[in-house]
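Residue numbers (my numbering): 15 to 193.
In this text, a Cβ means the ideal position worked out from N, Cα and C, and glycines have one as well.
Read the structure below first, then the notes.
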């Protein structure tokens, strides 16, 4: 986990290595009561249609801790519904991120305020921007398995400077805080 104090539309608040680093204990310490989840390449690769045992345990642990969850995805409803079938987590599909509209709808349905909610995703230009535009903190995870299309390769290439700046900024803070 890397924390970022640099603020801006394109910068995540925290970078995690994977979703499993995000524990109920950590969320409680941050006064977080809800997470808006991106699905594809954040929670599961595109080709995984149902949650794995590890994913089920993670969802269960969060829900047992009272953390409210909602999927906010740019993907179509069929994909999210298939994945979400066993859980019945509220879902907002075709969210058109970076528009904050889906995030705001999810907040209303969950009955949460932006300051007690985070968004979790794998993309700067969709998930991060939509989150910050909705007034949410944003947790970034690396993509599980990236698509190889020219569009996605270009988008990941354009995201690199923001992630690199985030990591360099974090290392700089670590050095200055220890002195």
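Run through DSSP, which three-state label would residue i get?
i	result
residue 82	strand
residue 136	coil
residue 106	strand
residue 54	strand
residue 62	coil
residue 153	strand
residue 125	coil
residue 76	helix
residue 48	strand
residue 131	strand
residue 41	helix
residue 29	strand
residue 36	coil
Tell whether a beta-carbon distance below 9 Å holds between residue i and residue j.
i	j	result
residue 134	residue 52	yes
residue 79	residue 50	no
residue 139	residue 24	yes
residue 125	residue 82	yes
residue 156	residue 141	no
residue 57	residue 97	yes
residue 94	residue 120	no
Select from the options the residue whose C-alpha is nearest the C-alpha of residue i.
i	options	result
residue 118	158, 93 and 150	150
residue 101	36, 126 and 69	69
residue 129	41, 35 and 37	41
Express the C-alpha separation of residue j and residue i in angstroms, rounding to a whole number.
i	j	result
residue 109	residue 123	15 Å
residue 64	residue 27	29 Å
residue 104	residue 31	25 Å
residue 182	residue 154	Only weak support is given to the placement of residue 182: the predicted model assigns it a pLDDT of 41, under 50, and the value that follows is read from those uncertain coordinates. Rounded to whole angstroms, residue 182 to residue 154 spans 16 Å at the Cα level.
residue 29	residue 132	13 Å
Mind checking if residue i is an interface residue toward chain B, Cβ cutoff 9 Å exclusive?
i	result
residue 52	Within the model displayed, chain B is absent; a lone protein chain is all it includes.
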